[in-house]
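Asks: Chains as they are written, first to last, in my numbering: chain A, 321 to 419; chain B, 305 to 620.
For each residue, glycine too, the CB sits at the ideal point set by N, CA and C.
Got a structure here, written out as C-alpha cells. Questions coming.
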Amino acid sequence: MALIYNHFMYGTATNTGKGFFTNEDRGNFFLRGYPGDVWVVGNNEKGALWLAQKNGVEKTKAEAQALVTTEVEAAQAAWDALSDEEAKHNGRPEQITLP
Amino acid sequence: MATYKEIFGRKIQSLASDPPAAASLGQIWYNTTSQTFKTTEPVYAWAAGGVMTNSRNDGTGSAGILTAGFYTGAGTSPGANNLTEEYDGTSWSGGGSQNTTATQRIGFGTLTAGVTAAGYEPGASAAVEEYNGTSWTSVTSMPETSWDRSGCGTETSGLVWAGAPFGLTTTWEYGGTSWTAGGTAPAVRNTTGNGATQDAGFMVGGETPSASNQAATYNGTAWSTVTNYPISRAGVMSNGPNTDTIAAGGYPPPASTNSNKWDGSAWTAASALTTGRYDGGRFGTGTAAVIAGGSPSGTFTEEFTGTDTVRTITTS
Chain A
321 MALIYNHFMY GTATNTGKGF FTNEDRGNFF LRGYPGDVWV VGNNEKGALW LAQKNGVEKT
381 KAEAQALVTT EVEAAQAAWD ALSDEEAKHN GRPEQITLP
Chain B
305 MATYKEIFGR KIQSLASDPP AAASLGQIWY NTTSQTFKTT EPVYAWAAGG VMTNSRNDGT
365 GSAGILTAGF YTGAGTSPGA NNLTEEYDGT SWSGGGSQNT TATQRIGFGT LTAGVTAAGY
425 EPGASAAVEE YNGTSWTSVT SMPETSWDRS GCGTETSGLV WAGAPFGLTT TWEYGGTSWT
485 AGGTAPAVRN TTGNGATQDA GFMVGGETPS ASNQAATYNG TAWSTVTNYP ISRAGVMSNG
545 PNTDTIAAGG YPPPASTNSN KWDGSAWTAA SALTTGRYDG GRFGTGTAAV IAGGSPSGTF
605 TEEFTGTDTV RTITTS
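Written as C-alpha cells, this is what we have:
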C-alpha cells in the first residue's frame, strides 16, 4: 500500500503577537493563518516544533476546515444583518478552503 | 582579467565554520568543511507583529514607520469607529480618538504628524484631521467628498488621489493648510498607495471595478503607468517610496497572501503574508513595513523585515 505524505499539519493556536512567528520561522516551514485561530503548518520537524511551542492543538484537516467554516459562516451572518447601505461597502465574507 | 586578490588585496578567506551572520553581512568566504562558497545577505519575510485591540477592516487610515505608526478609524465589523491605536514595533496601544467616525479613510504622514482624509460615515466625507501623537484636530476639508482613496507623503507634503465613487480621477496635493489640484489619476479605487512625498506617489492595483494590475507613479505633475503588478488585485496594501515598495494582499476572495517588491523598474515576488487580507492598515518603508488588520476582520499584524542569513553560493 502506498504511503500518503501529508504536506501540511493543521492546528489551532492563539496569536500572541510579536514573535509568535518570526522571520526565521517563515524560512523554515510553510505557515498560513485562517479565521478561528487555525494555522496550516508545513509538515516538517521545525513546523511541528513551532506548533508545539505555541501550545497549539493539532487538528485533522477536516476538523480545521470545520473551525474555519464556522467562523466564516458567523461573519457571513453578521454581514447579512447589515443594512444595504453598510453592506455595499463591505464584501460578504466568502468560504475558505484550506490547502 | 583581474583576480579577486588584485582587486581587493587578499584572497577569499577559508574558514572551517561560518562566522556569525550578524558579523558577516556582504562578505564572501569559503567553508572548508562543507566545501562551498558562502555569503551573508538579508532575507526578507513577513513575521508576526503585535495584535491590535480592535479588529479593523475596510480602512487604511494609517501612517508612520515600523517603530512609530498609527491605525485609526476603519470598521469594526460591522460599523465604523473613531478609535486610534499606535504601534511601537512591538505592541499596539490606545491613542486619541478622531473627531470623525468613518471607514475607508486614507492616512499618510507620521505618528506625530499624521493626516487622515475622506472616508465613508455613511455618506461620503471630505473631512480631514491631523494627529500630533496625542490628539486629532479637524483641519481644512478636502475640496470634494469621497472615500476609498489612495494617499502618501507627509503632513506638509501630502498627496491624495483616485478613489470612490467609481470614476474619481482627481489628485489633491496637501501642503499642511490647503489642498490644490494635481494631475489626473487613474480611475481606480480601493488601494492604499504609497510614496515618500507628494511628487513621488505610487499605486498598485485597485478596483476599476474589477480588480486591476495597473501600477502608476506620480511626479508632482502627472501620473504615468509603470510595469504592471504581477497579479490583478484590489485592496492592496503598499509601503515605502516609489523606488522601493513592498506590496501585499488584496482580493478578489479569498483574501490574498501574495506579496511583491518593486525596485523602481521591476517587480519580484516576495515572501507571502501568513494571513491573507485586504483593505488593512499599512505603514513603513520597503524594507521595514507593517500591515495590520484588514478583511476578513482581523487584529493581526505582520512586519516585513530582513534577517541577516548565511547562504551557500551556487552557480547554474
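List, in chain order, every chain B residue whose beta-carbon is nearer than 7 Å to that of residue 339 of chain A.
Replies: For the purposes of this step, residue 339 of chain A is taken as residue 19 along the first sequence, with counting starting at 1. Those are 352, listed as they occur along chain B.
Asks: What residues match up with residue 612 of chain B in a beta bridge as DSSP calls it?
Replies: Reading the second sequence from its first residue, position 308 is the one you call residue 612 of chain B. Beta-bridge pairing links residue 612 of chain B to B:346.
Asks: Between which two residues does the alpha helix (DSSP H) carrying residue 648 of chain B extend?
Replies: For chain B, the structure presents residues 305 to 620; residue 648 of chain B sits outside this window and is missing.
Asks: What whole-angstrom Cβ distance do residue 539 of chain B and residue 580 of chain B have, given they're in contact under 8 Å?
Replies: Taking the second sequence and counting its residues from 1, the one referred to as residue 539 of chain B is at position 235. Taking the second sequence and counting its residues from 1, the one referred to as residue 580 of chain B is at position 276. Incorrect: roughly 11 Å between the Cβ atoms, too far for contact.
Asks: What's the call for residue 495 of chain B, buried or exposed, on a 16-neighbour Cβ count within 10 Å?
Replies: Here the question's residue 495 of chain B lines up with position 191 in the second sequence. By the neighbour-count rule (16 or more Cβ atoms within 10 Å), residue 495 of chain B is buried.
Asks: Residues in its own chain within less than 6 Å of residue 589 of chain B by CB, not counting five upstream and five downstream?
Replies: In the second sequence, counting from the first residue as 1, residue 589 of chain B sits at position 285. Closer than 6 Å at the Cβ level, and outside the excluded window around residue 589 of chain B, lie 544.
Asks: Chain B partners of residue 344 of chain A, CB-CB under 7 Å?
Replies: Indexing the first sequence from 1 puts residue 344 of chain A at position 24. Those within 7 Å of residue 344 of chain A in chain B are 611.
Asks: Terminal residues of the continuous alpha helix (DSSP H) containing residue 389 of chain A?
Replies: Residue numbering aside, residue 389 of chain A sits at position 69 when the first sequence is read from its first letter. Residue 389 of chain A -> alpha helix (DSSP H) spans 381-400.
Asks: Whose Cβ in chain A lies nearer than 8 Å to the Cβ of residue 604 of chain B?
Replies: The residue you call residue 604 of chain B lines up with position 300 of the second sequence. Those within 8 Å of residue 604 of chain B in chain A are 335 and 353.
Asks: Starting from residue 319 of chain B, follow its DSSP beta bridges and name the residues at the other end.
Replies: The residue labelled residue 319 of chain B in the question sits at position 15 within the second sequence. Bridge partners of residue 319 of chain B: B:335.
Asks: Between residue 596 of chain B and residue 604 of chain B, is the Cβ-Cβ spacing less than 9 Å?
Replies: Your numbering for residue 596 of chain B matches position 292 in the second sequence. Your numbering for residue 604 of chain B matches position 300 in the second sequence. Result yes, Cβ atoms of residue 596 of chain B and residue 604 of chain B sit closer than 9 Å.
Asks: Return the residues of the stretch 387-411 of chain A that lie within a Cβ-Cβ distance of less than 9 Å from chain B, sorted by chain order.
Replies: Taking 9 Å as the Cβ-Cβ cut-off against chain B, the residues of the stretch 387-411 of chain A that qualify are 391, 392, 395, 398, 399, 401, 402, 403, 405, 406, 407, 409, 410 and 411.
Asks: Have a look at the DSSP bridge pairing and note the partners of residue 442 of chain B.
Replies: As a first step, residue 442 of chain B is located in the second sequence; it is residue number 138 there, counting from the start. DSSP lists B:433 as partners of residue 442 of chain B.
Asks: Can you give, in chain order, each stretch of the beta strand (DSSP E) that sits fully within the stretch 448-495 of chain B and has at least 3 residues?
Replies: Listed in chain order, the complete beta strand (DSSP E) runs (minimum 3 residues) inside the stretch 448-495 of chain B are 454-458, 461-465, 475-478 and 483-485.
Asks: Throw me the rounded Cβ distance for the residue 536 of chain B and residue 562 of chain B pair, which I believe falls under 8 Å.
Replies: Stepping through the second sequence from its first residue, residue 536 of chain B is reached at position 232. Stepping through the second sequence from its first residue, residue 562 of chain B is reached at position 258. Wrong, their Cβ atoms sit about 11 Å apart, outside the cutoff.
Asks: Quick one: does residue 417 of chain A have its CB under 9 Å from some CB of chain B?
Replies: On the first sequence, residue 417 of chain A is found 97 positions in, with the first residue counted as 1. Yes, contact with chain B.
Asks: Report, in whole angstroms, the separation of the C-beta atoms of residue 415 of chain B and residue 437 of chain B, which I expect to be a contact under 8 Å.
Replies: Locating residue 415 of chain B in the second sequence gives position 111, counting from the first residue. Locating residue 437 of chain B in the second sequence gives position 133, counting from the first residue. Correct: roughly 5 Å between the Cβ atoms.
Asks: Whole angstroms are fine: how far does the CA of residue 411 of chain B sit from the CA of residue 366 of chain B?
Replies: By 1-based counting over the second sequence, the position of residue 366 of chain B is 62. By 1-based counting over the second sequence, the position of residue 411 of chain B is 107. About 5 Å.
Asks: From residue 345 of chain A to residue 578 of chain B, what does the alpha carbon distance come to, in whole angstroms?
Replies: For this step, residue 345 of chain A is matched to residue 25 along the first sequence. For this step, residue 578 of chain B is matched to residue 274 along the second sequence. Taking the straight line joining both Cα atoms gives about 11 Å.
Asks: Let me know if residue 325 of chain A comes out buried or exposed under the rule of 16 or more other beta-carbons within 10 Å of its beta-carbon.
Replies: The count along the first sequence starts at 1 and reaches residue 325 of chain A at position 5. Answer is exposed; the Cβ neighbour count stays below 16.
Asks: Which same chain residues, not among the five before or five after residue 368 of chain A, have their C-beta less than 7 Å away from its C-beta?
Replies: Here residue 368 of chain A corresponds to residue number 48 of the first sequence, with the count starting at 1. Closer than 7 Å at the Cβ level, and outside the excluded window around residue 368 of chain A, lie 329.
Asks: Do you know how far the Cα of residue 343 of chain B is from the Cα of residue 326 of chain B?
Replies: To locate residue 326 of chain B, count along the second sequence from 1; it is residue 22. To locate residue 343 of chain B, count along the second sequence from 1; it is residue 39. Their backbone Cα atoms lie some 12 Å apart in a straight line.
Asks: Here's the rule: buried if 16 or more other CB atoms are within 10 angstroms of the residue's CB, otherwise exposed. What is residue 393 of chain A?
Replies: Numbered from its first residue, the first sequence carries residue 393 of chain A at position 73. When all chains shown are included, residue 393 of chain A counts as exposed.
Asks: So which residues of chain A does residue 573 of chain B contact, with C-beta pairs closer than 7 Å?
Replies: Mapped onto the second sequence, residue 573 of chain B falls at position 269. Chain A residues near residue 573 of chain B: none, gap ~14 Å exceeds 7 Å.
Asks: What would DSSP say about residue 366 of chain A, mapped onto helix, strand or coil?
Replies: Position 46 of the first sequence, counted from the first residue, corresponds to residue 366 of chain A. In the structure shown, residue 366 of chain A sits in a helix (DSSP, three-state: H, G or I).
Asks: Between the stretch 318-348 of chain B and chain A, which residues of the former have CB atoms less than 8 Å from a CB of the latter, in chain order?
Replies: Here the close residues are 347 and 348.
Asks: Identify, in the order they occur along the chain, each residue of the same chain with its Cβ nearer than 8 Å to the Cβ of residue 379 of chain B, setting aside the five sequence neighbours on each side.
Replies: Here residue 379 of chain B corresponds to residue number 75 of the second sequence, with the count starting at 1. So the list reads 360, 361, 362, 363, 385, 407 and 601, once near-sequence residues are dropped.
Asks: Just how far apart, CA to CA, sit residue 368 of chain B and residue 374 of chain B?
Replies: Start at 1 with the first residue of the second sequence, and residue 368 of chain B comes out as number 64. Start at 1 with the first residue of the second sequence, and residue 374 of chain B comes out as number 70. If I take the Cα positions, the gap works out to 6 Å.
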